[in-house]
Every structure is written in structure tokens, then in C-alpha cells.
Amino acid sequence: MDGEKERKERQPRSQRTGGVGRPAHNGTREMAEFSGTWKMKSSENFDELLKALGVNAMLRKVAGAAASKPHVEIKQSGDHFYIKTSTTVRTTEINFTIGEEFSEETVDGRKCKSLATWETEHKIYCKQTLLSGNGPKTFWSRELKGDELILIFGADDVICTRIYVRAQ
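Residues in the sequence shown are numbered consecutively from 23, following our numbering.
Have a look at this one:
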């Protein structure tokens, strides 16, 4: 086994790449097409996620109500993504390219640097690093499974799962 291959096999799957931000695999595979308008079908542990982030009870109640029916628009061109999430209280927009660091905010609004990578040909994993202050380690992932988009937010060991379907 050559050194490069050996090094990749020792890494966690989420860090293995076959180039900048590309999944390690043999052969040519098409990456998933995330583009579209998405509506939320279900949400689990959103309040628990906000608690883990240190959001107070009053703001959690407002955020929970506002985020109960988000409108998500995704535009994808190869490895470049534009994601706009709109609720009754707030709209967030991010532009990023897989494998390149970008600026965004955590779920609770703290500024961070993020790095998104392809974990598989159907799943993007994004690690977030706070620009200042302390807080839990946060990340998000987006995965296409059939006709559903699975969005996971993490704060240390607390996981929030939101499932979306394409809007008609």
C-alpha cells in the first residue's frame, strides 16, 4: 500500500477525499443534484439544539415557532451552492464552494468560518469554527435520500434532524 492511500484509510470517512472536497471513490460518479425549493416535512430536537447553544427559553420559543415552516431554496452548479432559508423572522443566505472556506453564522447567529466537503456523492458535511468566543462544536450536513433532503445540525453531542421534501 502506498503512503497516500494508507493515510486516507486511517482518516475518518468524512475527511477522506479524492481531491479537494471530493469523496474518495474509484470510477466516475455523478454528485447529487440539490437544486430546488424545499419544504420541511418534520423536525426533531430543534429546541434541544438551541438549548445546547445557550439560547434562552423566550428566544427558543420564538425561534421554534418561526422555524417551524422554513422555505429553503437551493441552487447548485457543480460544487458551487447557494442556499437561502426563509422564515417569518429571519432569512439567511450562504454561497459556498465545496472544499473552500466561507463565512456564515451558526444556527444561533454567531459568526463562523465553515468548510463544506462531500462526505459521499449524496451528502455534504460542513464543519463550523467560531470566529470569537467559546461554544459547542457545531456542524451541519445535507443529504439527499430518494425524494427527501435530510438536514442535520449538530452542537457537540446534540443532533437536530430536519427532513424536507421538494415543493411542487
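Even glycine gets a Cβ: it sits at the ideal position worked out from N, Cα and C.
Reference residue i, options the options, closest by Cα
i, options, result
"E143", "P158, I120, D130, L153", "I120"
"R132", "N117, A88, E123, K159", "K159"
"F118", "R82, I105, T110", "I105"
"Q150", "L166, N78, K167, E123", "E123"
"K61", "A54, T113, P92, Q98", "P92"
Distance, residue j Cα to residue i Cα
i, j, result
"A46", "V187", "Bear in mind that a pLDDT of 44 at A46, under 50, signals an unreliable position, so the number given afterwards is only what the model happens to contain. The straight-line gap from Cα to Cα measures roughly 28 Å."
"G100", "M80", "41 Å"
"L173", "S90", "14 Å"
"E141", "A87", "31 Å"
"L71", "I181", "7 Å"
"L171", "V111", "23 Å"
"I146", "G157", "23 Å"
"K63", "E127", "24 Å"
"T139", "D169", "22 Å"
"D130", "K97", "24 Å"
"G155", "M53", "36 Å"
"V77", "A189", "30 Å"
"F175", "F161", "6 Å"
"T113", "L137", "21 Å"
CB-CB length for residue i against residue j, believed under 8 Å
i, j, result
"D178", "A85", "With a Cβ gap of about 19 Å, D178 and A85 do not count as contacting."
"F56", "F103", "7 Å"
"R184", "S108", "Actually they do not touch by this definition, with Cβ atoms about 14 Å apart."
"T59", "E95", "5 Å"
"S135", "L153", "The sequence shown places Lys at residue 135, not Ser. Confirmed, Cβ separation roughly 6 Å."
"C148", "S125", "Actually they are not in contact, since the Cβ atoms of C148 and S125 sit about 12 Å apart, beyond 8 Å."
Residues bridged to residue i (per DSSP)
i, result
"N117", "Y104"
"S136", "F124, Q150"
"M62", "Y186"
"M175", "What sits at residue 175 in the sequence shown is Phe, not Met. Its beta-bridge partners are W162, C182."
"H93", "K61, S108"
"E141", "E141 is not bridged to any residue."
"E55", "Answer by DSSP bridge pairing: none, since E55 is not bridged."
"K167", "E170"
Residue i at chain B interface by Cβ criterion, 8 Å
i, result
"M62", "The structure shown contains no chain B; it holds only a single protein chain."
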